[in-house]
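**Student:**
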Amino acid sequence: MGKQIRRWLAQIVTLPNPTVLFFLAKTAFAVEEVSKIIKESVESAIGGNAYQHSRVHQWTTTVVEQCLSQLSKLGKPFKYIVTCVIMQKNGAGLQTSSACFWDNTTDGSCAVRWENKSMYCIVSVYGLAI
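Here it is, written out as structure tokens:
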């Protein structure tokens, strides 16, 4: 029994070879990378604009399309879901919730809250491994 436990523990602490580590790094959902894409997309679409109700639809569409375009260029094996909410800063509250049934070892998510003087923009990206 002692030998079996030692053999099992040795298997747990043995790191994969460098090729496997490289593959995992290239195919993992990288929150920092996704967060950067979101921030750049929001800045590009909205930038320093003040809230205008008539432009919200255009802004949200542009943000999600730019995010999807940049995410697909990463070449990672994911299907992406991108949501964008723009809300005027007027003292009103906003509560949102989401739930996912997925594989925590391969799938991931990232949410970014961006704001300026007149609005909030909340973008969520879900990456589902394929």
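As numbered in mature numbering (1 follows the signal peptide of the UniProt record, and there is no 0), residues -30 to -1, 1 to 100 make up the sequence shown, in order.
Ideal Cβ placement from N, Cα and C applies to all residues, glycine included.
#1: Just checking, does the segment 40 to 47 make contact with the segment 56 to 72 on the three C-beta pairs under 8 Å criterion?
#2: How many whole angstroms separate the CB atoms of lysine 49 and isoleucine 7, which I take to be in contact at a CB cut-off of 8 Å?
#3: For the pair the segment 70 to 82 and the segment 20 to 40, tell me if three or more CB-CB distances fall below 8 Å.
#4: Might you give, ordered along the chain, the residues of its own chain that have their beta carbon closer than 8 Å to the beta carbon of glutamine 40, omitting 5 neighbours on each side?
#5: Does alanine 15 pass the burial test, meaning 16 or more other C-beta atoms within 10 Å, or should it be called exposed?
#6: Cutting at 8 Å between CB atoms, please list the residues of its own chain near methionine -30, excluding the five before and the five after it.
#7: Looking only at C-alpha atoms, which of Val34, Gly18, Glu2 sits nearest to isoleucine 92?
#8: So for isoleucine 100, helix, strand or coil by DSSP?
#9: Going by beta-carbon coordinates alone, are serine 94 and serine 67 separated by less than 8 Å?
#10: Helix, strand or coil: which one does DSSP assign to residue 121?
#11: Figure out for me which residue from Ala20, Gln36, Thr76 has the closest Cα to the Cα of valine 1.
#12: Got a sec, what are the start and stop residues for the beta strand (DSSP E) cysteine 37 sits in?
**Tutor:** In terms of the structure at hand:
#1: no
#2: Position 79 of the sequence shown, counted from the first residue, corresponds to residue 49. Position 37 of the sequence shown, counted from the first residue, corresponds to residue 7. At roughly 16 Å, the Cβ-Cβ gap does not stay under 8 Å, so lysine 49 and isoleucine 7 are not in contact.
#3: In this structure the segment 70 to 82 does not lie against the segment 20 to 40, because fewer than three pairs of beta carbons, one per stretch, are closer than 8 Å.
#4: Translated into the one-based positions of the sequence shown, residue 40 becomes position 70. Closer than 8 Å at Cβ, skipping near neighbours: Ile7, Glu10, Ser11.
#5: Along the sequence shown, read from residue 1 onward, the residue named residue 15 stands at position 45. Alanine 15 is buried by the Cβ-count criterion.
#6: Mapped onto the sequence shown, residue -30 falls at position 1. In this prediction, methionine -30 scores a pLDDT of 49, lower than 50, which makes its location untrustworthy; the coordinate-derived value is nonetheless stated afterwards. None.
#7: Looking up residue 92 in the sequence shown gives position 122. Of Val34, Gly18, Glu2, the residue nearest in Cα terms is Val34.
#8: By one-based count along the sequence shown, residue 100 stands at place 130. Residue state, collapsed to three classes: coil.
#9: The sequence position of residue 94 within the sequence shown is 124, counting from 1. The sequence position of residue 67 within the sequence shown is 97, counting from 1. Against a cut-off of 8 Å, the Cβ pair of serine 67 and serine 94 comes out as no contact.
#10: The question about residue 121 has no answer here: the residues shown for the chain are numbered -30 through 100.
#11: In the sequence shown, residue 1 corresponds to position 31, counting from 1. Measuring from the Cα of valine 1, the nearest candidate turns out to be Thr76.
#12: Within the sequence shown, residue 37 is the residue found at index 67, counting from 1. Taken as a continuous stretch (DSSP letters only), cysteine 37 belongs to no beta strand (DSSP E), being part of the alpha helix (DSSP H) at 26 to 43.
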